[in-house]
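This report refers to the structure that appears directly beneath it.
As structure tokens, this is what we get:
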């Protein structure tokens, strides 16, 4: 049995395209946890996930999945991995019964009972063609098939995008249930940071091909804060403490990356707690430093 | 691999049923024409069987062999559209197995087409009260072997992702060969016409047939020998090309 501490280990992953470079991306996803992978469109999330799955060839770097090399031991690793994309990758002419017959021949550990169990739980019809499924039904089906071959690692690329809050919540519950087994791990890329606020243990934030923040979510939220001050007070803030600042007619809201230090340094200043969405917005604007 | 084969067979079942329907209608209609020459309203009409029987097997074989492969042609395009092609890279299946599954399906369809073509010959010979023609059987085998060219659709579609684009590029690339074939055909008919006039003093269907037939028989014998090598060579080439295309993983 392969022993490993991190379900995903990425070190200095580099992939160059014309006009875009994934630049020495490094982060780990500890076994038994759920990591939120956030960033705006074109930040490099999908490229990173495709490199993980060896769908795109990396230029440099090392990737280990479940303790295995993602290229040399690709098929051994993929037996234990499930990928979920933002769109259902099954032909519209298929139905769940046919899909079960297909996937049980592909995955050694495929369980028809588990698959149909999820279908019943999600109230998905077995004989209806996928072309007639709604977006929510398609995503549930994809998750049902991803969870039916005893995968130890679930990799999701924008899987909850475009779903209504009720379905998203239902799916998040399934993920939490899946994580009850401490061998199970999830990497979840999403724009919807509120989902990750709810369930993620750790977060990696990528922008323009570079990892800006990576670590435990609670620590990241604890360390960052939004300092609110007047325009005059803003001038006295050390630029080294500022990630970026949103200016308005009355003053400034400044993202600081070391809340504790700033509370001491700027005693009397109000430093509010932040959210992943705030962190994403302020870091994306870090180049401008000041924005409205 | 069994799962991948099952998936493709499941997806082409509709076009396969339609092909079977077209084949059955064609075979039934022509058989009825043959039967009616001795048990129906064509009784006493001369030359019907002589005119139709030598060609009937060829059209039935074309319907069966082309029709069976037709449904498989657009699967790769639809796989790209439905993102299955992307998803297949997340499965614990190698590129060789993915390519092999596609070739296996294509092979099954070709084999099914071959069986249908043989069946048509048997049905026609029974309906026309003629002995089963060995040259016809040979021709069907030769046509089947040359149908392996259709396997090129797999690497071409993997490369171009789109059927129209693949067909256009193939037509452009093959146009010199097609033009050469037409030119050769035209010259050959000219040559036979001259020979028929020289040997028999007149150019009629019968004299032309007399001139044509030895060349056809010789060509058939040559094709019969080279066809298996041709088919095997093409299959190997297209399989290698397909694996190469799958390994490019252009996402």
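Residue numbers (my numbering), protein chains in the order written: chain A, 163 to 454; chain B, 3 to 253.
Beta carbons are placed, not taken as given, at the ideal position from N, Cα and C, and that holds for glycine.
Taking a Cβ-Cβ threshold of 8 Å, the residues of chain B close to residue 265 (chain A) are 5, in chain order.
Taking a C-beta distance under 8 Å as the contact criterion, residue 66 (chain B) and residue 118 (chain B) qualify as a contact pair. Residue 84 (chain B) belongs to the set of residues whose beta carbon lies under 8 Å from a beta carbon in chain A. Within the same chain, and ignoring the five residues on either side of residue 375 (chain A) in sequence, the residues whose Cβ sits closer than 8 Å to its Cβ are 365, 366, 367, 382, 441 and 445. Within 10 angstroms of the beta-carbon of residue 416 (chain A) lie 16 or more other beta-carbons, which makes it buried.
Short of 7 Å from the beta carbon of residue 69 (chain B), and not among the five residues preceding or following it, lie these beta carbons of its own chain, in chain order: 21, 24 and 25.
At least 8 Å separates the beta-carbon of residue 322 (chain A) from that of residue 361 (chain A).
Around residue 80 (chain B), the beta-carbon contacts reaching into chain A at under 9 Å are 253, 254 and 255. Boundaries for residue 450 (chain A): no beta strand (DSSP E) harbours it, and the DSSP string shows neither H nor E there.
The beta carbon of residue 236 (chain B) lies closer than 7 Å to those of 150, 151 and 153 in the same chain, with the five residues before and after it left out.
Taking 8 Å as the threshold, the shortest C-beta distance from residue 21 (chain B) to chain A does not fall below it.
Excluding sequence positions up to five before and after residue 309 (chain A), its CB lies within less than 8 Å of the CB of 244, 276, 280, 316, 336 and 340, all in the same chain and listed in chain order. In chain order, 268 make up the part of chain A whose C-beta sits under 7 Å from the C-beta of residue 95 (chain B). Here the alpha carbon of residue 431 (chain A) sits roughly 7 Å from the alpha carbon of residue 389 (chain A). The alpha carbon of residue 178 (chain A) has as its nearest neighbour, out of A:422, A:379, A:187 and A:167, the alpha carbon of A:187. Residue 324 (chain A) and residue 297 (chain A) have their C-alpha atoms roughly 8 Å apart.
Contact between residue 245 (chain B) and residue 98 (chain B) holds: CB atoms are separated by about 6 Å, below the 8 Å threshold. By a beta-carbon distance limit of 8 Å, residue 242 (chain A) contacts residue 313 (chain A). Their separation comes to about 6 Å.
Of the candidates B:142, B:227, B:188 and B:248, B:142 places its Cα closest to the Cα of residue 60 (chain B). Note on geometry: alpha-carbon atoms of residue 206 (chain B) and residue 57 (chain B) lie some 19 Å from one another. Shown here, residue 240 (chain A) sits in a helix according to DSSP, grouped into three states. Taking 8 Å as the cut-off, the Cβ atoms of residue 170 (chain A) and residue 230 (chain A) do not count as close. A straight-line Cα-Cα distance of about 47 Å links residue 238 (chain B) and residue 202 (chain B).
Under a criterion of Cβ atoms nearer than 9 Å, the residues of chain B adjacent to residue 215 (chain A) are, in order, 91 and 92. When DSSP reads this structure, residue 221 (chain B) sits in no beta bridge, so it has no partner. Excluding the 5 residues flanking it on each side, residue 72 (chain B) has same chain C-beta neighbours closer than 8 Å at 17 and 21, in chain order.
Cβ proximity to chain A below 7 Å picks out nothing from the stretch 159-172 of chain B. A check of alpha carbon separations from residue 124 (chain B) across B:63, B:242 and B:44 identifies B:63 as the nearest. Boundaries of the alpha helix (DSSP H) around residue 145 (chain B): 136-148.
Take residue 134 (chain B), set aside five residues on each side of it, and the residues of its chain with a beta-carbon closer than 7 Å to its own are 123, 124 and 127, in chain order. Identification of residues in the stretch 101-114 of chain B having a C-beta nearer than 8 Å to some C-beta of chain A yields an empty set. A Cβ-Cβ separation of about 13 Å leaves residue 100 (chain B) out of contact with residue 159 (chain B) under the 8 Å criterion.
In this structure, the beta-carbon distance from residue 252 (chain A) to residue 38 (chain B) does not fall below 8 Å.
Straight-line spacing of the CA atoms in residue 237 (chain A) and residue 227 (chain A) works out to 11 Å.
Among the CB atoms of chain A, none fall inside 8 Å of the CB of residue 237 (chain B). Using a CB distance cut-off of 8 Å, residue 195 (chain B) does not count as an interface residue toward chain A.
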